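Just below is one structure, and these are the notes that go with it.
Numbering (the UniProt record's numbering), first residue to last: 1 to 631.
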């Protein structure tokens with residue numbers, strides 16, 4: 001199959017294309033209305049169809065004779081636990097938990113918050129909710145009580161499902177106490193809290209609203225999946241908003257199932273029965289789409305990993321999991337690869353394992369720098385696929401579709417648009433620009449199935465945030481350009497484009513050059529205020545430990561590299577060394593926060609930050625190295 005014909009079919013006749021893909025699912029009621037408008041005049045897919053995500057992920061495979069296939073492999077180096085969970089076992093756990101939820105009074109349309117570590121019970125909870133039409137909202141387990149309380153007040157869950165605790169490399173995360181504190185802070189009060197006790201010697205205070213997870217499942221009946229309308233919300237997933245208030249992304253059921261089944265086969269190149277590993281967390285969109293629903297819909301064995309790329313026990317853990325569990329395709333963030341590279345730059349630990357099972361390594365979550373891509377390719381000797389998508393899209397928007405037609409990799413590009421995404425580069429007036437001209441990345445409507453259907457109880461914010469900027473398009477918030485072959489290069493959020501004396505420059509491009517220096521482990525380049533030129537670029541770098549004594553030479557070399565590659569127009573003269581960079585828990589560097597601190601603007605520390613203590617380190621670095629417009 002050729003990519004160009006396949007892609008063009010999806011753009012020229014989207015209804016026919018996606019109807020054909022929807023036919024790969026087992027519907028209770030096959031849709032006859034493929035594309036229509038909702039009450040807010042927004043596109044929706046398969047309006048009159050009926051299906052159930054939990055049934056498609058579990059029961060269908062058992063009926064087809066695959067009940068003894070492993071559905072989930074739980075691998076937890078932090079607890080030294082491994083568990084193989086067949087579709088038969090998954091059915092028993094999920095259907096009984098769903099029965100327990102029903103016995104507690106939950107029914108279609110109710111909401112539930114799931115606040116869990118990376119354990120099988122987190123997936124059981126998601127699938128149990130889907131089984132009876134309860135809308136789940138998974139909140140990342142590392143969120144503090146204040147952030148959890150905000151989400152409680154927004155989606156108003158009838159109950160919360162949590163665990164006694166989570167485990168990091170060297171500490172215990174008190175999940176249940178965090179939930180109790182959040183309930184005190186929240187205006188909305190959930191009726192019950194279901195608590196899974198991990199039996200790890202952690203004492204928890206029981207409240208009147210507590211229900212024991214294990215006892216509930218043990219005494220509850222096993223129930224069948226309930227048919228749901230295609231447009232029924234499957235879940236709410238919160239993502240950061242520019243106002244500081246999280247946005248509740250709403251996902252439908254039928255369009256989502258269709259898109260995920262499609263993506264497993266055509267984007268990730270895995271067949272039924274293969275093992276797939278997305279090294280993410282259930283609290284993020286990757287965990288929803290490609291740990292839980294996508295692989296299980298496609299009858300893949302999915303890896304549920306509770307650990308880190310390093311220190312659990314070392315930088316070989318990813319390679320051990322791939323080899324031991326026969327992983328065909330893996331998905332992680334470039335941050336994870338850079339962490340491994342820093343610990344094991346020559347790949348000595350990788351050479352201990354037979355990785356012949358691995359056919360593709362996917363990277364996403366942040367822009368992949370060329371140095372990281374090249375290192376990964378040299379070590380793994382398989383195609384390294386950088387791809388681009390968002391919480392809002394729910395599945396990839398730009399990718400090398402390896403299950404269709406593997407294209408040459410162009411470092412710095414996430415490759416070509418995925419079927420269904422009519423991606424255009426627009427100028428300020430909403431007009432398409434020429435090749436190689438940078439502009440705003442927008443997708444012509446209708447979006448394909450599986451993308452966001454609204455923001456939870458806030459359709460006006462949905463329109464303002466995504467649809468009004470360029471009428472007839474979904475605005476991604478990112479900048480980028482296309483080359484003469486149609487490859488799309490994402491240059492970063494539009495506020496990562498800086499204006500230096502009237503020249504629009506990409507800090508991502510500068511970052512690419514800085515990161516390629518042999519002494520640099522990680523870096524961030526962003527624009528700060530300049531009284532003369534409006535803005536100027538500032539680079540912060542984290543060095544490989546063995547190079548620390550050469551700091552002055554390294555700084556000069558990096559400045560020369562940028563001047564050589566971009567020119568004096570970049571005005572790149574400031575490179576400063578830091579011990580670490582502030583990141584979100586999903587690994588994204590918080591460049592906007594770095595810029596605001598440097599410019600001495602007011603700022604809020606994002607709820608998604610991995611470690612807030614780093615802010616004081618950065619401020620101290622700025623002060624001692626005289627960064628900031630008022631210094």
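Even glycine gets a Cβ: it sits at the ideal position worked out from N, Cα and C. All values reported here derive from a predicted model rather than from experimental measurement.
Asked                                                                                                                                                    : Found
C-alpha distance - residue 101 paired with residue 177, whole-angstrom precision                                                                         : 22 Å
Contact check, residue 525 vs residue 543, beta carbons under 8 Å                                                                                        : no
Identity of the residue in 551, 569, 554 nearest residue 533 by Cα                                                                                       : 569
Beta-bridge partners of residue 329, as assigned by DSSP                                                                                                 : 276, 360
Local conformation of residue 379 per DSSP, three classes                                                                                                : helix
C-beta atoms of residue 189 and residue 110 nearer than 8 Å                                                                                              : no
Contact with chain B by residue 233, beta-carbon distance below 8 Å                                                                                      : Absent from the structure is chain B; it holds one protein chain and no more.
Rounded distance between the beta-carbons of residue 395 and residue 598, thought under 8 Å                                                              : Going by Cβ atoms, the distance from residue 598 to residue 395 rounds to 36 Å, so no, they are not a contact pair.
Residue from 146, 280, 297 with nearest C-alpha to residue 308                                                                                           : 280
Contacting residues, own chain, Cβ-Cβ under 8 Å from residue 514 (five flanking each side not counted)                                                   : 520, 523, 525, 539, 541, 558, 561, 562, 575
Nearest-angstrom Cβ-Cβ length linking residue 606 and residue 621, presumed shorter than 8 Å                                                             : Not a contact, Cβ separation roughly 19 Å.
Contacts around residue 498, its chain only, beta-carbon distance under 7 Å, and the 5 residues preceding and following it disregarded                   : 505, 507, 527, 535, 537
Distance between residue 531 and residue 278 (C-alpha atoms, nearest Å)                                                                                  : 45 Å
Cα-Cα separation, residue 335 to residue 220                                                                                                             : 42 Å
Residue 257 (DSSP reduced to helix, strand or coil)                                                                                                      : helix
Close Cβ partners of residue 17 (< 6 Å) along its chain, the five nearest in sequence each way excluded                                                  : 9, 10
C-alpha gap between residue 56 and residue 126, whole angstroms                                                                                          : 13 Å
8 Å Cβ cutoff met for residue 387 and residue 371                                                                                                        : no
Simplified DSSP assignment, three categories, for residue 499                                                                                            : strand
Boundaries of the alpha helix (DSSP H) in which residue 121 is found, first to last residue                                                              : 120-132
Check whether residue 382 and residue 401 have beta carbons under 8 Å apart                                                                              : no
Rounded separation between residue 474 and residue 28 - CA only                                                                                          : 31 Å
Nearest-angstrom Cβ-Cβ length linking residue 392 and residue 451, presumed shorter than 8 Å                                                             : 7 Å
Three CB pairs or more closer than 8 Å across the stretch 462-482 and the stretch 436-445                                                                : yes
Secondary structure of residue 262, DSSP reduced to three states                                                                                         : helix
Residue 46 - DSSP class collapsed to helix/strand/coil                                                                                                   : coil
Residue 432 CB to nearest heavy atom of the ligand ADP below 7 Å                                                                                         : Judged by which ligands are present, the structure shown has none, so any question about the ligand ADP falls away.
Through-space distance from residue 341 to residue 631, alpha-carbon basis                                                                               : In this prediction, residue 631 has a pLDDT of 36, which is less than 50 and means its spatial position is unreliable; what the coordinates show is noted afterwards. About 36 Å.
Where residue 634 falls: helix, strand or coil (DSSP)                                                                                                    : No answer is possible for residue 634: the residues shown for the chain start at 1 and end at 631.
CB contact flag (residue 116, residue 72, <8 Å)                                                                                                          : no
Residue 405 vs residue 118 beta-carbon contact at 8 Å                                                                                                    : no
Those runs of the beta strand (DSSP E) which lie wholly inside the UniProt domain "AMP-binding enzyme C-terminal" (509-588) and span at least 3 residues : 520-530, 534-543, 574-577
Under 8 Å between C-beta atoms of residue 303 and residue 75                                                                                             : yes
Coarse secondary structure for residue 414, derived from DSSP in three states                                                                            : coil
Burial state of residue 191, where buried means 16 or more other Cβ atoms lie within 10 Å                                                                : exposed
CA-to-CA distance, residue 42 to residue 488, given in whole angstroms                                                                                   : 26 Å
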